[in-house]
Each structure stands twice: as structure tokens, then as C-alpha cells.
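K.L.:
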Amino acid sequence: MQCCLVVFMGIATEILIILILLAANGLFAMAELALVSARKSNLRQRAEKGEHGARAALQLAENPTRFLATVQFGITLVGVLAGAFGGATLSEEIAALLAGIPLLAEYADAVAIAIVVAGITFVSLILGELIPKRIALANPEGIASTLALPLDRLLRIASPLVDLLAGTTDLALRWAGFRPIPGAHVSEEEIRGLVQEGVEAGVFATAEPAMVESVLALDRTPVRQIMTPRAQLIFLRVDEPHEAFWHKIVVSAHSAFPVYEENRDNIVGLVSVKAIYANLAAGIEIRLKDLVTPPIVLPSVQPVSQVLESFRRTGRHAALVADEFGGIIGMVTLVDVLEAIVGEVPSPEDRLRPRARQRPDGSWLADGLLEVEEVEKLTGLRPLREDGDGEYETLAGFLFCRLGRVPAEGEHLLWKGWRFEVIDMDRHRVDKVLLTPAPQPPTTPAAGAAH
């Protein structure tokens, strides 16, 4: 009886040692997955708050070869010790215990080894792998910060062996044709994936994913796509008196105006509404030549992201846009960049005066600058363009293309069952167009019909 008790105590001790070793294996597995899964941005935030563990985790993450070599050294050492205790000691004690059972006496050694291998494998998977990794995935930054310092100390202790393992690994990879990646590269697709995960988790508000997508597109969007075209700009003559241009400023929705001398191709700068209002409020005589600032001129193909950087660097909020020949084709402001990110921000004037308004008789009074897509929606003419048409984006461009010249006020065009009449012209620009369904010709009765 006393002999059996000694055997049971020995088995219990061996099992306890193996459990401790497997728990240590679990800590190494947990540290490995936590450091690999942790986001460096979150670790940096923790490090900036003074967490030494987060700082150590960042250092380990910057050198993954040494870190992985340390973890693998620990896991291998634990595995060897667990195997030694299980195979050489525990299995013998279990075999001695099974030898006392007549039915199992002949197979005691084989059964003991099978029990030890199955038991260690099962417990190793649960305690040494699955549970630790689930915990690491649940809180990677916290686990990484907690285990980084002990892991760093182990790395220092085992530094010679770790250096040997890391050097051998790098050498083998070079022989195989692999080159180390200098740094983690985050692609736009990965960012979109993270945003989608945030949407599904309820982290983002409704409008935020679209804003992130717009920000990512800024580098691919040329400034010409967001600028105010030259035809829509309000030009001020440098010697124009305040009484002459005041009405233009009041009725416009612009915050800056190009100022020219002699002709509109000779632009001397830009003047802001803010500067004009400031002088007016101070009772100072308003002279444009004193308020004008030298313009920033940007190429039409420059990405919007660089436009934003130009505004930040110069402190300006408006710039002129030039084409490849040096001609000014439009103006871009900080508001235009903002609208490229958050969407169009309608001004009060836009809300009070729609771009197209339906009249009681079913006709539409539309701005000449109404986009072709909007015209197609109003009239049902899809597509409005035809093969061979030149490039145009607006209702005015459609009329120019169909007539082959600048239309005159009162001129009209019949097109696919619709009457397009020019109601108002602003010099050479089509301002208002009346779109009316053309009356259908009466049908002729069929020959031989009964009367």
C-alpha cells in the first residue's frame, strides 16, 4: 500500500512538472502571437504614455528574426524537457503501475507510452497552444506589453544562441533567394479592409467610410476635377471702384476673386472677400491693388493631395489652375478640397436657387452649367451624347456641339422630342435654358378607315 502511494506521489509530481512546462510553452506561444498581431500604432500610443512594456514590445517587433528565435528557443527547450520527463520518467512509473494489472502486464510499457503521448499532446494543444493564442488575439497589445519585458530579458540571457539562430536563418533565406523586407508596407486595400471591419463593428459613423475613401483618392485626383472652371469665375479689374464690383461679390458664392489688369489673361493676383470686408468694416477706402496677393499657380494635373500641402505650406486658401500651355483655366480653394473629401457643401444661394426647376407646364428651367447626367435624368434622353460628338460635360456644351457655334439668346433647338431654348446669355456663356417636351405631330388616320 505504501509502495503504491509512493508511485502515485511520483506520478503526480511528474504530471505537475509537465503541466508547468506546458504552461511555459503557452506563455511563449501567447507572446509570439500577441507581438505578431499587435498594431504598432497602438503600441506607440502606450509607449508615449510611459508603458515600458509597450516600448520593449516595439523594440522586439522591429527585429522579428531575433524575437522569433528567442521564442522558438524557449518553446524548443520546454518541449525537450517535457518530452524527457514524460517519456523517460512518467511512462516508466505508469508502466510499473500497470504491470500490477494482469490483463495489461504484458503490454504495460506500450500502453504507458500511449497514455503519456496522448495526454501530453492533448494538454499541450489546450494549455500550450489554443487557450494562450485565444487570449493573445483578444488583447494583443496588452499581452505583448506584459510579456515583452520578460521575453527581452530571456533574449539577453540567451543572446549568443539567439544570434546564432538568427544569423543561420538569415543566411538560409539569402541562399534561398529571399530578401528581408525593410519595413511593413500598408496598402490602400488593407486600409479599406480595416475600415470595413470598423463599419461592421459599429466603430465608424455613417459618413466616415466614404470620407476615408475620398482621402485615399486625393492622390489620384487631378486638381482640374475639383476646380471652379474659368467660365464660372468672377473677375475684378484692378482699378475697378468698389461701387462697381460690390454687387458681383454680394451675389456670388465665391470666397476669392482673380484680379486682372487690362485683360483677363493678365491676372495680377487674388483678392479675398475677407480682406474686402475687413477694410470696409474699418472704414478704409477699398482699392484692389492694395488688397491683391500674388497668386499661386498650380498645374491642372497636380494631385489634390499636393494642393492641400501647398495650402498648408503657404498659408493661402486659393490658387489659380493653369493648363499645359500656361493659360489659366480655373481656380481651386480650400473649400473645393474639403468638398472632395466630405462631398459638396451647398451654399445658401444653391439651396434657394436650384440648378434646374420644373415649371407648372412640365417644362424645366435649367442652368447652362447643369451636368449632362442631370439633363438625361430630367428628359429621359439616355444617352444625350452621340457617337462623333465632341467632349462636353454641361447643357451649354451640348448646345454648342449641336449648333456648332455660340448660341444667341432666344435661339432654340429641337432634339429627340425636346425643345431646348436659350433664355439668357451671360456674354458668351449660356446662363439659362428652357427644356420643353416638343408637341407630337397629329397622327394621320389609316387609309380605308371607317367614318
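Here this note's numbering = 1-based position in the sequence shown + 1071. Even for Gly, the Cβ is constructed at its ideal location relative to N, Cα and C.
#1: What's the C-alpha gap between R1115 and L1441?
#2: Below 8 Å on the Cβ atoms is my contact criterion, and I expect K1360 with V1309 to pass it. Report the Cβ-Cβ distance as a whole number of Å.
#3: Between the alpha carbons of D1394 and D1336, how many angstroms are there, rounded?
#4: Determine contact between the segment 1127-1141 and the segment 1230-1245, defined as no fewer than three beta-carbon pairs at a distance below 8 Å.
#5: Excluding the 5 residues preceding and the 5 following I1184 in the sequence, name in chain order all residues of the same chain whose CB lies nearer than 6 Å to its CB.
#6: Whose CA, out of D1180, L1405, P1431 and C1472, lies closest to the CA of T1299?
#7: Buried or exposed, going by whether 16 or more other CB atoms sit within 10 Å of the CB of F1328?
#8: With 16 other CB atoms within 10 Å as the buried threshold, where does P1454 fall?
#9: Please list, in chain order, all residues of the same chain as Q1143 whose beta carbon is under 8 Å from its beta carbon, the five residues on each side excluded.
#10: Where does T1277 fall in DSSP's three states?
#11: Verify whether the separation of the beta carbon atoms of I1400 and R1500 is less than 7 Å.
#12: Take the Cβ of S1195 as the centre, count every other Cβ of all protein chains shown within 10 Å, and call the residue buried at 16 or more, exposed below.
#13: Whose C-beta lies closer than 7 Å to the C-beta of V1375 among residues of the same chain, with five residues either side of it excluded?
#14: To the nearest whole angstrom, what separates the beta carbons of V1363 and L1369, a pair I think is in contact under 8 Å?
#15: Nearest to Q1429 by CA position, among A1247, P1508 and R1387, is which residue?
#16: Leaving aside the five residues before and after A1215 along the sequence, list all residues of the same chain whose C-beta is less than 6 Å from its C-beta, in chain order.
#17: Answer yes or no: do V1266 and V1283 have a C-beta to C-beta separation smaller than 7 Å?
#18: Could you check if A1353 belongs to the surroundings of the ligand HEM, using beta carbon to heavy atom distance under 6 Å?
#19: Which same chain residues end up closer than 7 Å to D1611 when comparing Cβ atoms and leaving out the 5 residues on each side of it in sequence?
#20: Could you check what DSSP says for S1323 in three-state terms: helix, strand or coil?
#21: Could you pull the start and end residues of the alpha helix (DSSP H) that A1179 belongs to?
#22: Please give the ranges of any alpha helix (DSSP H) in the segment 1290-1368, keeping only runs that are unbroken, at least 4 residues long and fully inside the region.
#23: From this set, G1340, A1389, K1503 and R1358, which residue's C-alpha is nearest P1365's C-alpha?
#24: Pick from L1287, D1495, V1274 and L1485: whose alpha carbon is nearest that of D1438?
#25: If you draw a straight line from the C-alpha of I1088 to the C-alpha of I1165, how long is it?
#26: DSSP three-state label for H1388, please.
#27: How would you label N1334, buried or exposed, when you count the other beta carbons within 10 angstroms and need 16 or more for buried?
#28: Measuring only the C-alpha atoms, how far is F1249 from I1202?
#29: Can you list, in chain order, the stretches of the beta strand (DSSP E) that have 3 or more residues and sit fully within the segment 1417-1476?
#30: Could you please give the first and the last residue of the uninterrupted beta strand (DSSP E) stretch that includes V1493?
#31: Output needed for A1520: all residues of its chain with C-beta closer than 7 Å, excluding positions within five of it in sequence on either side, in chain order.
#32: Rounded to whole angstroms, how far is the Cβ of A1207 from the Cβ of M1080, which I believe are closer than 8 Å?
P.N.:
On the basis of the coordinates in this document:
#1: Spanning the two alpha carbons is a distance of roughly 50 Å.
#2: Yes, they are in contact, since the Cβ atoms of K1360 and V1309 sit about 5 Å apart, within 8 Å.
#3: The alpha-carbon atoms of D1394 and D1336 are separated by roughly 13 Å.
#4: Counting Cβ pairs under 8 Å, three or more are found: they touch.
#5: The residues are S1162.
#6: Of the candidates D1180, L1405, P1431 and C1472, the one whose C-alpha sits nearest the C-alpha of T1299 is L1405.
#7: Of the other Cβ atoms in all chains shown, 16 or more fall within 10 Å of the Cβ of F1328; this residue is therefore buried.
#8: With fewer than 16 other beta carbons inside 10 angstroms of its own, P1454 counts as exposed.
#9: For Q1143, where only same-chain residues beyond five positions count, the Cβ hits under 8 Å are L1236.
#10: Here T1277 sits in coil by DSSP.
#11: Contact flag unset, no.
#12: The residue in question, S1195, is buried, as its Cβ has 16 or more Cβ neighbours within 10 Å.
#13: Excluding five sequence positions before and after V1375, the CB atoms of its chain that fall closer than 7 Å to its own CB belong to L1289, T1292, V1294, I1297, V1408 and A1411, given in chain order.
#14: That pair is no contact at about 18 Å.
#15: Checked all of A1247, P1508 and R1387; the closest Cα to Q1429 is P1508.
#16: Excluding positions up to five away in sequence, the list reads A1105, L1106, A1109 and A1128.
#17: Yes, they are a contact pair.
#18: Within the structure as shown, the ligand HEM is missing, as the structure has no ligands at all.
#19: Not covered by the structure: residue 1611. The range shown for the chain is 1072 to 1522.
#20: The three-state secondary structure of S1323, taken from DSSP, is coil.
#21: Annotation: the continuous alpha helix (DSSP H) that includes A1179 extends over A1179 to L1196.
#22: List check, alpha helix (DSSP H) in window: 1313-1322, 1344-1353 and 1359-1362.
#23: Of G1340, A1389, K1503 and R1358, the smallest CA-CA separation from P1365 is found for G1340.
#24: Among L1287, D1495, V1274 and L1485, the Cα nearest to that of D1438 is on D1495.
#25: When rounded, the distance between both Cα atoms is 15 Å.
#26: In the structure shown, H1388 sits in coil (DSSP, three-state: anything other than H, G, I, E or B).
#27: With fewer than 16 other CB atoms across the displayed protein chains lying within 10 angstroms of its CB, N1334 is exposed.
#28: Straight-line spacing of the CA atoms in F1249 and I1202 works out to 33 Å.
#29: Counting whole runs of 3 or more residues, the segment 1417-1476 contains the beta strand (DSSP E) stretches 1427-1429 and 1435-1438.
#30: It spans W1489 to D1497 - the beta strand (DSSP E) in which V1493 sits, taken as one unbroken run.
#31: Residue placement at A1520 cannot be trusted, given a pLDDT of 44 that sits under 50; what the coordinates show is reported in the next sentence. Taking A1520 as the centre and dropping the five residues before and after it, the same chain places no C-beta closer than 7 Å to its C-beta.
#32: At roughly 35 Å, the Cβ-Cβ gap does not stay under 8 Å, so A1207 and M1080 are not in contact.
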